[in-house]
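S.K.: Sending over a structure as structure tokens; questions will come in a sec.
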Amino acid sequence: MANHKSALKRHRQSLKRRARNRISKTRIKNSVKAVRAAIEEKDLAKANEALVEATSVLDKAARKNVIHASQAKRRISRLQTAVNKIEA
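And the structure:
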């Protein structure tokens, strides 16, 4: 454990950030899972609705640097492609 005052503060901050990031990553996983479940059921309306939610969650996570912006774009793109396939 750190002894310097600044190192103790950094440790406290890292714990807060870790908790915040874990919450955000869990939301990402759940929203992506909802889209994939709707795709499996071939329910287009449900898939589009879940995709809008997942897009919002991924973009928000990228803005807050929980995940990289390119990763968010890639995931959104892949989900959109999957939804488009059931539409065709």
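Counting in the UniProt record's numbering, the sequence shown runs from 1 upward without gaps. Backbone N, C-alpha and C fix where the C-beta goes; we use that ideal spot for every residue, glycine too. Everything numeric in this text was worked out from a predicted model, so none of it was measured.
Determine the DSSP secondary structure at His68, reduced to helix, strand or coil.
M.R.: coil
S.K.: Among Arg10, Val66, Ala7 and Met1, which residue has its Cα nearest to the Cα of Arg20?
M.R.: Between Arg20 and the set Arg10, Val66, Ala7 and Met1, the nearest pair of CA atoms involves Val66.
S.K.: When the Cα of Arg36 is compared with those of Arg27, Ala47 and Thr26, which residue comes out closest?
M.R.: Ala47
S.K.: Ser31: buried (16+ other C-beta within 10 angstroms of its C-beta) or exposed?
M.R.: With 16 or more other Cβ atoms within 10 Å, it is buried.
S.K.: Can you give me the Cβ contacts of Glu40 inside the same chain, cut-off strictly under 8 Å, excluding the 5 residues immediately before and after it?
M.R.: Excluding five sequence positions before and after Glu40, none of the CB atoms of its chain fall closer than 8 Å to its own CB.
S.K.: Please state whether the Cβ-Cβ distance between Val57 and Arg18 is less than 8 Å.
M.R.: no
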